[in-house]
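Quick note: the sequence shown uses full-length UniProt numbering, first residue 1, plus one each step.
The beta-carbon is built from N, C-alpha and C at its ideal position, and this holds for glycine as well.
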Amino acid sequence: MARTEGSSAFLPPVTVALTGASGAQYGLRLIEALVGAGHEVWVMISKAAHLVIATETDDELPARPARLVEALSQRSGAAPGQIRCFAREDWMAPVASGSGAPSSMVICPCSTGTLSAVATGASNNLIERAADVALKERRQLILVPRETPFSAIHLEHMLSLTRMGAVILPAAPGFYHRPESIEDMVDFIVARILNQLGIAHRLVPRWGESAASD
Ligand SMILES: Cc1cc2nc3c(=O)[nH]c(=O)nc-3n(C[C@H](O)[C@H](O)[C@H](O)COP(=O)(O)O)c2cc1C
Numbered sequence: 001m002a003r004t005e006g007s008s009a010f011l012p013p014v015t016v017a018l019t020g021a022s023g024a025q026y027g028l029r030l031i032e033a034l035v036g037a038g039h040e041v042w043v044m045i046s047k048a049a050h051l052v053i054a055t056e057t058d059d060e061l062p063a064r065p066a067r068l069v070e071a072l073s074q075r076s077g078a079a080p081g082q083i084r085c086f087a088r089e090d091w092m093a094p095v096a097s098g099s100g101a102p103s104s105m106v107i108c109p110c111s112t113g114t115l116s117a118v119a120t121g122a123s124n125n126l127i128e129r130a131a132d133v134a135l136k137e138r139r140q141l142i143l144v145p146r147e148t149p150f151s152a153i154h155l156e157h158m159l160s161l162t163r164m165g166a167v168i169l170p171a172a173p174g175f176y177h178r179p180e181s182i183e184d185m186v187d188f189i190v191a192r193i194l195n196q197l198g199i200a201h202r203l204v205p206r207w208g209e210s211a212a213s214d
């Protein structure tokens with residue numbers, strides 16, 4: 001993975017965008033896991049995602065980037081400077097340009113609205129623009145949609161994004177690892193995302209490994 005930032009104490013940045021689909025816990029846990037793995041994490045949270053976070057978790061995260069950095073750093077145990085947050089229309093943020101954006105971006109969870117905007121290149125906010133940059137620069141883009149059932153529109157957008165090189169990784173946890181808690185189910189998806197990013201983890205045993213050997 002190429003470095004896009006100068007001398008940082010952390011491993012290369014990964015962009016994580018949370019949008020307004022159900023499943024805020026997946027995105028929040030992903031941030032924790034990336035921080036734990038030593039990566040710098042660049043975060044964007046849509047307006048609808050803030051509402052979902054307040055609905056689905058005990059967290060109510062502030063909207064202003066500086067305060068959001070503090071809140072996310074506290075909940076994930078990040079070191080100073082390890083998390084950066086960008087506002088909805090911060091067009092000067094590094095993620096808005098191919099020359100500044102990290103080599104990987106994950107939209108987790110991904111609403112069908114953002115899925116549609118990314119598939120059609122809308123770029124109406126910084127999350128959509130950052131995803132557009134990832135596609136045009138042929139960087140790694142992972143989308144974690146959550147909706148059920150899917151309409152033909154959703155499926156067509158997922159197919160076109162897959163054909164453009166993005167990875168569609170639906171928030172559809174398996175059960176063969178015998179989850180005992182919601183956290184286990186969340187970790188199943190986060191582990192799949194980390195596998196895609198090539199980041200080592202011990203969240204869930206890999207296929208063929210027994211839980212006992214973990
Ligand atoms: C509590 C809550 C749950 C939602 N769940 C979903 C969902 O699972 N999938 C989805 O695509 N949209 C869901 N929505 C609707 C999106 O938040 C809405 O379409 C929004 O415009 C998406 O904006 P964004 O893509 O900028 O975050 C939900 C909204 C709320 C408030």
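- Every unbroken stretch of the alpha helix (DSSP H) spanning 4 or more residues and falling wholly within the segment 20–104 is given here in chain order: 24–36, 47–56 and 65–76.
- Inter-residue distance for Val43 and Leu126 is about 11 Å (C-alpha atoms, whole angstroms).
- Taken from the Cβ of Ser111, at least one heavy atom of ligand 1 lies inside 7 Å.
- Every unbroken stretch of the alpha helix (DSSP H) spanning 4 or more residues and falling wholly within the segment 149–182 is given here in chain order: 152–163.
- Take Pro170, set aside five residues on each side of it, and the residues of its chain with a beta-carbon closer than 6 Å to its own are Pro145, in chain order.
- Rounded to whole angstroms, the gap between the alpha carbons of Ser22 and Thr148 is 11 Å.
- Per the DSSP secondary-structure output, Gln140 pairs in a beta bridge with Ser104.
- Counting C-beta pairs with one atom in each stretch, the segment 181–200 and the segment 101–117 have three or more that are closer than 8 Å, which means they touch.
- Per the Cβ contact rule, the segment 71–88 is in contact with the segment 33–48 (3 or more Cβ pairs under 8 Å).
- Shown here for Phe10: same chain residues with a beta carbon closer than 7 Å to its own, the five before and five after excluded, namely Gly38, His39, Glu40 and Gln82 in chain order.
- Close CB contacts of His157 within its chain, under the 7 Å cut and outside five residues either way in sequence, are with Leu115, Ser116 and Ala119 (chain order).
- The count of Cβ pairs closer than 8 Å, one atom from the segment 131–146 and one from the segment 165–180, reaches three, so the stretches are in contact.
- Secondary structure of Leu18 (DSSP, three-state): strand.
- In the structure shown, Leu11 falls within a strand segment according to DSSP collapsed to helix, strand and coil.
- Residue range Thr112 to Thr120 is occupied by the alpha helix (DSSP H) that includes Leu115.
- Contact annotation: Ala130 and Ala101 have beta-carbon atoms nearer than 8 Å.
- Between Lys47 and the set Ser160, Arg88 and Leu72, the nearest pair of CA atoms involves Arg88.
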